[in-house]
Structure formats: C-alpha cells, structure tokens
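In my numbering, the protein residues as written are 28 to 273.
Right, here's the structure in full:
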C-alpha cells in the first residue's frame with residue numbers, strides 16, 4: 028500500500044510525529060522529490076541489427092528481469108562495443124520499470140549493466156540517500172507510481188513525473204538501519220526459496236528413482252531384475268496396466 032493516504036490536518040499525532048503529504052511521519056523525516064536525491068537516467072537499447080553489440084558479458088536489463096531485488100544477470104546481454112551505444116550503470120543503481128508494468132524495482136548487483144528505455148534508473152546521491160532504502164521506499168510507493176502514469180494503450184510514467192514522486196527521507200543513519208532490516212528479511216526469504224527449490228528437485232529425483240527401481244537403496248539398483256516396457260525400464264515383478272483397471 029502506498030504511503031500517500033488521506034489524513035486530516037486535525038488528526039491527533041503522537042509526540043515526535045508530523046503530518047505530511049505521505050501521511051504521518053517522524054518529525055525528523057523529510058518528504059522530498061525523487062529527483063532531489065539522485066540522478067534519473069532512462070535506458071537506451073543499442074541497435075539490435077548490429078550483431079557485434081549483443082551476446083556479451085554485460086547484462087541488458089528489461090522489466091522481465093526485475094523479478095528479484097538484486098539484479099546480477101539478465102536474459103540478454105551486450106558487448107563492450109554495444110556499451111558505447113547504451114547508458115552504463117554501476118552497482119547499487121536503483122531500477123524502476125516505468126512503461127507497461129509500472130513499479131517493478133531492482134538494484135544493480137553487477138559491476139556494470141544497462142537497461143532498455145522501459146526502465147528509469149536512479150543513481151542516488153549517497154550523501155542524501157541510501158540506495159537500498161530508496162529501493163524499498165519505491166516498492167512501497169508502487170500504487171502512487173501507477174497513479175502518476177499516463178494511461179494509454181501502454182501505461183507510461185514519464186521521466187519528469189517520475190522525478191517528482193514524493194518519498195520519505197529519514198536521516199542517513201536511519202535509512203541504513205531500515206535498509207539493513209529489510210535486506211535481512213529479503214535474504215531470509217531468498218534462502219528459504221532456495222531450500223524449497225532444492226527440496227522440489229529432491230522430490231522429483233526420488234520419484235524418478237522410486238518409479239524406476241522401487242524402494243531400494245541407490246547402491247543396490249544394479250541388483251534389481253529389470254524388464255523393458257512401453258513405459259521404459261521397470262522392475263521385472265511390476266506390471267503395466269490401464270488406469271481403468273485399477
């Protein structure tokens with residue numbers, strides 16, 4: 028849910044809080060425009076007809092790659108030659124999709140990367156904003172980003188409107204602390220996802236083994252008498268039947 032909510036100026040706030048356009052915030056936080064805390068760069072696609080520009084080692088990031096918070100690789104890549112026709116971005120740059128599916132957010136986690144024109148990159152001024160805090164703040168503001176987009180056949184959030192997006196800005200130490208907590212949670216989620224994926228693969232492997240050799244240890248599969256069937260090799264004492272027979 029976006030932080031931009033309807034609040035009355037007469038709302039009773041706890042001590043140490045203030046009312047802002049984004050709702051109640053701590054008194055020492057500010058509301059700033061995105062363009063005040065970083066340089067916004069719209070991506071550019073190198074000419075696709077130049078084979079020497081493509082299939083290199085530099086990630087070419089499009090919205091379909093913004094499925095994880097940390098972006099290390101992309102479905103497509105460009106070469107050093109292609110990089111001269113693009114806009115290079117360094118590690119830590121915040122990426123936001125602003126055409127089509129508005130509001131997908133990621134952070135560059137490779138030495139250098141580029142994006143297509145569907146993505147606006149925010150190169151934060153690190154004296155003002157922590158890049159990871161900025162990324163999480165923009166994730167929270169997805170509904171606001173979409174509301175500021177021009178709704179045509181393909182929704183588009185122009186760079187000028189993107190730069191005007193309001194974001195909450197705590198003092199830098201608080202930004203770092205908030206980002207640390209959220210990144211810790213994100214890492215735990217990613218680790219859990221890897222465990223679940225590994226367990227799924229283990230289950231598939233066990234099923235293949237059990238439905239081929241039966242419940243025998245891996246070290247004894249060579250002792251199982253086998254027969255060739257329409258389903259492939261099966262233990263000699265197994266039968267192949269039709270589903271309706273059972």
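Just so you know, even glycine gets a beta-carbon here, dropped at the ideal spot from N, CA and C.
query	result
Local conformation of residue 124 per DSSP, three classes	strand
Contact under 9 angstroms by Cβ, residue 66 with residue 146	no
Proximity of residue 177 and residue 167 at Cβ, strictly below 9 angstroms	no
Segment contact, 8 angstroms Cβ cut-off, at least three pairs: the region 186–200 with the region 53–69	yes
Cβ shell of residue 68 (< 6 angstroms), same chain only, five flanking positions each side left out	114, 148
Proximal residues to residue 265 (C-beta, below 7 angstroms), its chain only, five neighbours per side dropped	none
Residue 150: first and last residue of the uninterrupted alpha helix (DSSP H) it sits in	Unbroken run through residue 150 is the beta strand (DSSP E), 146–151; no alpha helix (DSSP H).
Three-state class that DSSP yields for residue 112 in the structure shown	coil
Inter-residue spacing [alpha-carbon to alpha-carbon] between residue 141 and residue 48	34 angstroms
Euclidean distance between Cα positions of residue 92 and residue 83	17 angstroms
Proximal residues to residue 13 (C-beta, below 7 angstroms), its chain only, five neighbours per side dropped	Residue 13 lies beyond the stretch modelled for the chain, which goes from 28 to 273, so this question has no answer here.
Cβ-Cβ distance between residue 117 and residue 134 below 9 angstroms	no
Whole runs of the beta strand (DSSP E) within the region 192–273, excluding any shorter than 3 residues	193–196, 253–256, 259–262
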